[in-house]
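So the structure is just underneath, and the comments pick up after that.
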Amino acid sequence: MTHPVLNFLAIAAYAAVGLLLAARLGRGEAAAGAARTSVLAGVLAAVAFHGWILYTDLQLGPTLNLSLTSAFSLVAWVVACLYLLASLYRPIDNLGVVIMPLAALTVLVEWAWPSELPIPMASRSQAIHIVVSFLAYALLCLAAVQSLMLLAQESRLRRKQAGGFVRALPPMQTMEDVMFEMLALGFVLLSLTLVSGVFFSEHLFGKPLPLTHHVVLSALAWVVYGVLLLGRWQLGWRGRQAVRWTLGGFALLVLAYFGTKFVLEVILAR
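To get the working numbering, take the position in the sequence shown, counting from 1, and add 31.
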């Protein structure tokens, strides 16, 4: 089902917030006071329009539409929602420079290339498994974006260029602490996703989780994040080393879900 007006409003709201944040970041100004309130209000409007679109597009009678474009859009919406909530408690406003345009892109892609892949909802446990998995992906996506901001900040400081957008960023220690908070919570949710996936598969298909590309890559991502968190706890990993492991784990997750879905739905047309 297409929603031209809602799609346009969601894309416009995401784009407006992204442009506002980019302009302030370029001037080295952190959003505060009325400016910050307007940013949060814009994000709230965007996720509301986006959520309305998803509410109707994801439902296919008794099944759930989790095609490539729909799942892509759903993950972006969850990321935007978590970004909005986390912005109330943590200094992550600047992540919107990346998150908002990507969310707008997912709405546009789903609007331009709608597709359907009905997934039967066998039980409440299956629904919980799906919710937890999307929350895990969303949190680890936020951590990946935070790591990119941290990398840019460190690169500028290494070259003794503390002006520009660096002035709008929190101290590096704060940036790292927030990133590892996201990683730790995302790792817990990813662990629950893998464990619940085993039980769900055995309940639905009568056998443990099969060793598909999706499962293997997700397990590898779990190992990468586990090693990173252990390295942080035991060896004090930080800076570029932490960024590399964060981005490596997220790349595996992207390949695990969207990579396999792209191959199956687009290349193999299944």
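For every residue, glycine included, the Cβ atom is placed at its ideal position computed from N, Cα and C.
- Taken atom to atom, the span from the alpha-carbon of residue 211 to that of residue 174 is near 8 Å.
- Contact holds between the segment 46 to 53 and the segment 117 to 131, because three or more Cβ pairs, one in each stretch, are under 8 Å apart.
- With a cutoff of 9 Å on beta-carbon distance, residue 278 and residue 178 are scored as near each other.
- When the alpha-carbon of residue 107 is set against those of 72, 170 and 66, the nearest one is in 170.
- Scanning the segment 74 to 126 from its first residue to its last, the whole alpha helix (DSSP H) runs of 4-plus residues come out as 99 to 118.
- DSSP places residue 35 in the helix class (H, G or I) of the three-state scheme.
- Here residue 150 is bridged, per DSSP, to 95.
- The C-alpha of residue 190 is placed about 45 Å away from the C-alpha of residue 243.
- Under the three-state reduction of DSSP, residue 205 is assigned to helix.
- In the three-state scheme derived from DSSP, where H, G and I count as helix and E and B as strand, residue 58 is classed as coil.
- By the beta-carbon neighbour count (other beta carbons within 10 angstroms, threshold 16), residue 114 is buried.
- Assigned with DSSP and collapsed to three states, residue 269 falls in coil, not helix or strand.
- In this structure, residue 280 places its C-beta atom within 9 Å of the C-beta atom of residue 256.
- Straight through space, the alpha carbons of residue 89 and residue 221 are spaced by roughly 23 Å.
- 9 Å or more divides the Cβ of residue 80 from the Cβ of residue 46.
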